[in-house]
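Peer 1: Pasting a structure below so you can have a look.
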Amino acid sequence: MCLVLLDLSSAFDTVDHDILLDVLQRQFLVDGPALKWFRSCLTGRTQVFCIDNKQSAILPVSCSVPQGTILGPVQFNSYSKDITAVFDKLGIKCHHLFADDKQLLASVTVTDVSVAKSNAEACVTDFQAWCASR
């Protein structure tokens, strides 16, 4: 068994609000009041940084999903759902999607380990391209 883990633990911070709302509407058919509700949860958020007891100016948050809420993982999984197309393209049949990581599993014979390794490397390369396209 070959296991590749793609850790996206800080990826919650990179979710573009406009892309997420588009994905929710286009792929999950979220519309009307529900889409308006999602938009209201994402927009108008601000953040402040404190260093040595000095506070920064209030800054708008234009990306990320709220962490520590039940919706954060749901929104991130919705946002990254189409990553399965990368797995499918490479013939990776067994994968698991979690809130902040993706797992690829391959059961191969000893003679096919190099093929599994090559597929995993190609998947990571394609995954990086997918992330950059967001």
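Taking this note's numbering as reference, the numbering of the sequence shown is continuous, increasing by one, and the terminal residue is 1023. Each residue gets a CB set at the ideal place from its N, CA and C atoms; glycine is no exception.
(1) Output yes or no for whether 7 Å exceeds the beta carbon distance between Ser-951 and Leu-913.
(2) Under 7 Å, do Thr-932 and Pro-949 count as touching if we go by C-beta distance?
(3) On the DSSP bridge assignment, give the partners of Pro-949 in chain order.
(4) Shorter than 6 Å, the distance from the beta carbon of Ile-940 to the closest heavy atom of the ligand NAD, or not?
(5) Given this structure, state the Cα-to-Cα distance separating Leu-924 from Ile-972, to the nearest angstrom.
(6) Which first and last residues belong to the alpha helix (DSSP H) in which Asp-907 is found?
(7) Quick check: is the beta carbon of Val-954 nearer than 7 Å to any beta carbon in chain B?
(8) With DSSP collapsed to three states, give me the class of Ile-972.
(9) Go ahead and label Gln-956 buried or exposed: buried means 16 or more other beta carbons lie within 10 angstroms of its beta carbon, across all protein chains shown.
(10) Given Ser-945, which residues of its chain have a CB within under 8 Å of its CB, disregarding the five upstream and five downstream residues?
(11) How would you label Val-904, buried or exposed, when you count the other beta carbons within 10 angstroms and need 16 or more for buried?
(12) Only counting the same chain, and skipping five residues up and downstream in sequence, which positions put a Cβ closer than 8 Å to that of Leu-917?
Peer 2: Straight from the coordinates:
(1) For the purposes of this step, residue 951 is identified with residue 62 of the sequence shown, where counting begins at 1. For the purposes of this step, residue 913 is identified with residue 24 of the sequence shown, where counting begins at 1. No.
(2) The count along the sequence shown starts at 1 and reaches residue 932 at position 43. The count along the sequence shown starts at 1 and reaches residue 949 at position 60. In this structure, Pro-949 does not lie closer than 7 Å to Thr-932 by Cβ.
(3) Translated into the one-based positions of the sequence shown, residue 949 becomes position 60. Thr-935.
(4) Because no ligand of any kind appears in the structure shown, any question about the ligand NAD cannot be addressed here.
(5) Indexing the sequence shown from 1 puts residue 924 at position 35. Indexing the sequence shown from 1 puts residue 972 at position 83. Roughly 22 Å separates the two Cα atoms.
(6) Numbered from 1 along the sequence shown, position 18 holds the residue referred to as residue 907. 906-915 is the span of the alpha helix (DSSP H), which, as asked, contains Asp-907.
(7) Absent here is chain B; the protein component of the structure consists of one chain.
(8) Stepping through the sequence shown from its first residue, residue 972 is reached at position 83. DSSP places Ile-972 in helix when its eight states are reduced to three.
(9) For the purposes of this step, residue 956 is identified with residue 67 of the sequence shown, where counting begins at 1. Counting Cβ neighbours within 10 Å, Gln-956 comes out exposed, since fewer than 16 surround it.
(10) Sequence index remark: in the sequence shown, residue 945 carries index 56 (1-based). Contacts found: Val-937, Phe-938 and Cys-939.
(11) Your numbering for residue 904 matches position 15 in the sequence shown. Buried, because 16 or more other Cβ atoms sit within 10 Å of the Cβ of Val-904.
(12) In the sequence shown, counting from the first residue as 1, residue 917 sits at position 28. According to the sequence provided, residue 917 is Phe. The question's Leu does not apply to it. Ser-967, listed in sequence order.
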